[in-house]
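Asks: Structure in structure tokens, see below.
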């Protein structure tokens, strides 16, 4: 998979430029038995499009393409560059969007079509992925008590990080955007693999964890807490110690992002939204990360995260609502018109 | 892998016939980093042969071949059929030895060269493998608390079977061969796999477990207890219930075996052992299963389990002691001579 970037817009125009960013990578579909229709054979039922990635986020990315197509077919061109960025690796690192930044793409605003139910994301968490690797002392099951079971040594590790998650959630009052959220910090025990043979004490185990951090948090400080938690486990639990834990950061290592208040970009988007939906634009704080941090933090560009309604991202029977998708396409087109200005072809 | 069976002996002789059985399958080697030398490049250090399977049980199988070779090269032939059975699947089911029985091979005694330190195994446990499969409700990690985490739902399952193991060990006083054993019933949490993506709540998890049963135990009664334990877990734990547990017997399902007391076969082996080692034959009860149950239980044939010294079966740096292996080869040859009788070629 590669990034693909296009530009439809007048490079010499006097409008405000725009990056329209969306990712094409999707997470694994899980057991097929959980799906009503095949995850990779999109199916429309009840005006919803079902399939892995329909909502996260082929929908929002497609809306961008059709918004530009509509402008073109109406006989117009944006009055500034509009970069359409189809990027990779949003689901694990953000390296696709980072590559766009590194390649020098920059604009007066960024619009990311993540599917947050027609609401604007004004605050979002950062995410750290980390991996704990344990080494056991394998022996025959006949003398299992003489070995070091790498799988079972992971159980107190899971419990230890659940405790850390609780402590981090207890800090939410320090973060106004998340103070009222019921559970802003989610630790996810995402993958657990260990052992090769039912009658051998497992020689190895690997646990993949994801945890959120609040926007404004220092990645290095939160990492230090992750490491400290493991150090404490090693000191407190003989089995964990024997299993010689190794901590690896194996993917996401990204800050949270808060959209600056009252930017022109937000105001234009709100106006476009109200024009189509006849209702005010909702603002939400979300407990997921998006690629907005690259534009927002590294380029000081207002990064708007706004996309269609749907359900079940990362779950079975993921879908995007097609009525919502059409309306979002219209909002995007109107936003381009107002933000960049348009000129006749 | 296939079974290979040879016969070196006089079919019309008036001696007692013998099955010499050994398995060629080995368990996985685990991470190479745990090994001093490569598990599949046998290396002799300090008169020990290191490698996966060196002890369990290429050693004992090789000793059988060389015992027969020695008899032949000395100009003799056993005075009854001696079937050398190189079998498969001892480590997971016993289906290799079972196939020999099903094919009609039968003799007056069986000798299995499992590496129990030059001692005769007079009692051994049976083994059941079982697998618990859980189905989660996958969701994005941002809302992890709304999902059903199949990996975490397995944690109470592990705890529940540890409790069952404890109860089964508490019954040891009812089994004279194991009453003095510190821990006859070993539950092994052998393999644990679940989840596909660090930022998705796992939709699935599979746990592979091995547990012993006492010789004389009914497989169906012990299975019922395994199933009952799971039923109790489902009733007591909402998360386990939500994860819709499925129990599968995925390999071993074998009874224990107790060698009848004071058989001619045992007496002849003891005599051969004393002749080579100048010390009495030790008798032990072991907490592992071997293929002896097929001959002993299904064919009412005394099944002697007796092989060389070594260490670390199913572990790193497995080895067989080469001095021991030579002596065991001699014992085998002498046992054949006395059990079957030999005639000049």
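Residue numbers (our numbering), protein chains in the order written: chain A, 1 to 345; chain B, 1001 to 1345. Cβ atoms here follow ideal geometry from the backbone N, Cα and C, with glycine treated the same way.
Would the region 305-316 of chain A and the region 44-56 of chain A be scored as touching if the rule is three or more Cβ pairs under 8 Å?
Replies: yes
Asks: Find the nearest neighbour of residue 1392 (chain B) within the set B:1010, B:1255, B:1001, B:1004, judged by alpha-carbon distance.
Replies: Because chain B here runs from 1001 to 1345, residue 1392 (chain B) falls outside it and cannot be looked at.
Asks: Using a Cβ-Cβ cutoff of less than 7 Å, which residues in the same chain neighbour residue 1298 (chain B) once the five nearest sequence positions on both sides are dropped?
Replies: Here the question's residue 1298 (chain B) lines up with position 298 in the second chain. So the list reads 1101, once near-sequence residues are dropped.
Asks: Between which two residues does the beta strand (DSSP E) carrying residue 1010 (chain B) extend?
Replies: Within the second chain, numbered from 1, the residue matching residue 1010 (chain B) stands at position 10. For residue 1010 (chain B), no beta strand (DSSP E) run applies, since DSSP gives it neither H nor E.
Asks: For residue 1303 (chain B), which of helix, strand or coil comes out of DSSP?
Replies: Counted from its first residue, the second chain places residue 1303 (chain B) at position 303. Strand, per DSSP.
Asks: I'd like the ranges of any beta strand (DSSP E) spanning at least 3 consecutive residues and lying wholly in the region 76-158 of chain A.
Replies: 76-78, 82-87, 110-112, 120-124, 126-135
Asks: If the cut-off is 9 Å on Cβ atoms, which residues from the region 1285-1314 of chain B count as contacting chain A, listed in chain order?
Replies: Correct list: 1286, 1287, 1288, 1289, 1312, 1313, 1314.
Asks: At a CB-CB cut-off below 8 Å, which residues of chain B make contact with residue 186 (chain A)?
Replies: For the purposes of this step, residue 186 (chain A) is identified with residue 186 of the first chain, where counting begins at 1. Under the 8 Å cutoff, chain B gives 1141, 1142, 1143, 1144, 1145.
Asks: What is the DSSP secondary structure of residue 273 (chain A), counted as helix, strand or coil?
Replies: Walking along the first chain from the start, residue 273 (chain A) turns up at place 273. Secondary structure of residue 273 (chain A) (DSSP, three-state): helix.
Asks: For residue 1080 (chain B) and residue 1292 (chain B), I'd like the C-alpha separation in whole angstroms.
Replies: For this step, residue 1080 (chain B) is matched to residue 80 along the second chain. For this step, residue 1292 (chain B) is matched to residue 292 along the second chain. In a straight line, the C-alpha of residue 1080 (chain B) is about 21 Å away from that of residue 1292 (chain B).
Asks: What is the DSSP secondary structure of residue 1281 (chain B), reduced to helix, strand or coil?
Replies: Taking the second chain and counting its residues from 1, one reaches residue 1281 (chain B) at position 281. The answer is coil: DSSP assigns residue 1281 (chain B) none of H, G, I, E or B.
Asks: Please identify, using Cβ separations under 7 Å, the residues of the region 14-48 of chain A that lie next to chain B, in order along the chain.
Replies: 27, 28, 30, 31, 34
Asks: Is any heavy atom of the ligand GTP found at a distance shorter than 7 Å from the C-beta of residue 1260 (chain B)?
Replies: Inclusion of the ligand GTP in the displayed structure is not the case, the ligand content being empty and no account of it being possible.
Asks: Nearest to residue 1041 (chain B) by alpha carbon, out of B:1317, B:1325, B:1334?
Replies: By one-based count along the second chain, residue 1041 (chain B) stands at place 41. Ranking B:1317, B:1325, B:1334 by Cα distance to residue 1041 (chain B) puts B:1317 first.
Asks: Got a sec: which bits of the region 1203-1228 of chain B sit with their beta carbon under 8 Å from any beta carbon on chain A, in order along the chain?
Replies: 1203, 1204, 1205, 1208, 1209, 1210, 1212
Asks: Can you tell me which of B:1333, B:1144, B:1304, B:1134 puts its alpha carbon nearest to the alpha carbon of residue 1264 (chain B)?
Replies: Position 264 of the second chain, counted from the start, is the residue given in the question as residue 1264 (chain B). Closest by alpha carbon: B:1304.
Asks: From the DSSP output, in three-state form, read off residue 40 (chain A) for me.
Replies: Here residue 40 (chain A) corresponds to residue number 40 of the first chain, with the count starting at 1. Coil.
Asks: Here's the rule: buried if 16 or more other CB atoms are within 10 angstroms of the residue's CB, otherwise exposed. What is residue 1164 (chain B)?
Replies: Position 164 of the second chain holds residue 1164 (chain B). Flag for residue 1164 (chain B) reads buried.
Asks: Show which residues of chain A have a CB atom less than 7 Å away from the CB atom of residue 953 (chain B).
Replies: Nothing in the structure corresponds to residue 953 (chain B), since chain B is present only between 1001 and 1345.
Asks: Please confirm whether residue 1108 (chain B) has its beta-carbon closer than 8 Å to some beta-carbon of chain A.
Replies: The count along the second chain starts at 1 and reaches residue 1108 (chain B) at position 108. No, residue 1108 (chain B) lies away from the interface with chain A (no Cβ there is under 8 Å from its Cβ).
Asks: To be precise: take each residue of the region 1162-1173 of chain B, compare its Cβ to all Cβ atoms of chain A, and keep it if any distance is under 7 Å. Which residues remain?
Replies: none
Asks: For residue 162 (chain A), list the residues DSSP reports as bridge partners.
Replies: Within the first chain, residue 162 (chain A) is the residue found at index 162, counting from 1. Answer is none; residue 162 (chain A) lacks a bridge partner.
Asks: Let me check one thing: in DSSP terms, what residues is residue 200 (chain A) bridge-paired to?
Replies: As a position in the first chain, residue 200 (chain A) is number 200, starting the count at 1. In DSSP, residue 200 (chain A) forms a bridge with A:140.
Asks: Leaving out five residues before and five after residue 1222 (chain B) in sequence, what residues of the same chain have Cβ atoms less than 6 Å from its Cβ?
Replies: Mapped onto the second chain, residue 1222 (chain B) falls at position 222. Result list for residue 1222 (chain B): 1213, in chain order.
Asks: Is the region 1228-1242 of chain B touching the region 1104-1124 of chain B, taking contact as three or more C-beta pairs under 8 Å?
Replies: no
Asks: Is residue 91 (chain A) close to chain B? Criterion is C-beta to C-beta, closer than 8 Å.
Replies: Position 91 of the first chain, counted from the start, is the residue given in the question as residue 91 (chain A). So, interface residue.
Asks: Quick test of the definition: if touching needs 3 or more C-beta pairs under 8 Å, does the region 1146-1159 of chain B touch the region 322-333 of chain A?
Replies: no
Asks: Would you check if there are 3 or more beta carbon pairs closer than 8 Å linking the region 1194-1205 of chain B to the region 1137-1145 of chain B?
Replies: yes
Asks: Roughly how many angstroms separate the alpha carbons of residue 166 (chain A) and residue 1281 (chain B), rounded to a whole number?
Replies: On the first chain, position 166 is the one that residue 166 (chain A) refers to. On the second chain, position 281 is the one that residue 1281 (chain B) refers to. Answer to the nearest angstrom: the Cα atoms are 60 Å apart.
Asks: Which chain B residues are close to residue 138 (chain A), counting only those with a beta carbon under 8 Å from its beta carbon?
Replies: Within the first chain, the letter at position 138 stands for residue 138 (chain A). Per Cβ cutoff of 8 Å: 1030, 1034, 1314, 1315, 1316.
Asks: My guess is that residue 1088 (chain B) and residue 1001 (chain B) are in contact by the Cβ rule of under 8 Å, so how many angstroms apart are they, rounded?
Replies: If you number the second chain from 1, residue 1088 (chain B) lands on position 88. If you number the second chain from 1, residue 1001 (chain B) lands on position 1. Under the criterion of beta carbons closer than 8 Å, residue 1088 (chain B) and residue 1001 (chain B) qualify as touching, at roughly 4 Å.
Asks: Comparing the C-beta of residue 191 (chain A) with each C-beta of chain B, is any distance below 8 Å?
Replies: Position 191 of the first chain, counted from the first residue, corresponds to residue 191 (chain A). For residue 191 (chain A), at least one C-beta of chain B is nearer than 8 Å to its own C-beta.
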